[in-house]
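J.: Numbering (my numbering), first residue to last: 38 to 160. Glycine residues also receive a C-beta, built at the ideal position from the N, C-alpha and C atoms. This one's a predicted model, so the numbers in the text were calculated from it and none came from an experiment. First the structure, which I've put down as structure tokens, then a few questions once you've had a look.
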């Protein structure tokens with residue numbers, strides 16, 4: 038983990054944000070078959086002042102044809118009975134309710150990368 042220096046508070050419900058991170062970490066562990074590395078980095082974007090969080094794994098990544106669908110409810114690449122396809126859709130909904138966002142992609146060296154964009158609390 039690299040959580041940067043002095044991250045500001047963000048606009049979010051702590052329990053719901055914890056659910057987002059739990060879903061992302063469980064997805065990463067599942068994609069890697071329990072073997073690999075997950076990294077979480079966070080920093081303030083100097084241009085927007087928003088907090089950017091990146092969750093990346095060393096798994097196989099997300100197939101290009103699936104990238105546009107990963108946040109759709111009930112979309113899954115898992116075998117029947119192995120997942121509901123709701124995890125990332127729920128993450129998307131939770132973050133949107135705070136005025137945040139999430140996007141999915143693949144790292145240059147492989148593996149999936151999920152990027153969170155959170156509004157900072159200025160309060």
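By Cβ distance, which residues of its chain are closer than 7 Å to residue 40, with the 5 residues on each side in sequence left out?
T.: Cβ neighbours of residue 40 beyond the five flanking positions: 79.
J.: If you check the beta carbons only, do residue 149 and residue 140 fall under 7 Å apart?
T.: Their beta carbons are not under 7 Å apart, which means residue 149 does not touch residue 140 by this criterion.
J.: Assuming residue 156 and residue 136 are in contact, meaning their beta carbons sit under 8 Å apart, how far apart are those beta carbons, in whole angstroms?
T.: That belief holds up - the Cβ atoms of residue 156 and residue 136 are roughly 5 Å apart, short of 8 Å.
J.: Please report the residue range of the beta strand (DSSP E) in which residue 139 lies.
T.: Per DSSP, residue 139 belongs to the beta strand (DSSP E) from 138 to 143.
J.: Pairs of beta-carbons, one from the region 72 to 91 and one from the region 100 to 116, closer than 8 Å: are there three or more?
T.: No, the region 72 to 91 is not in contact with the region 100 to 116.
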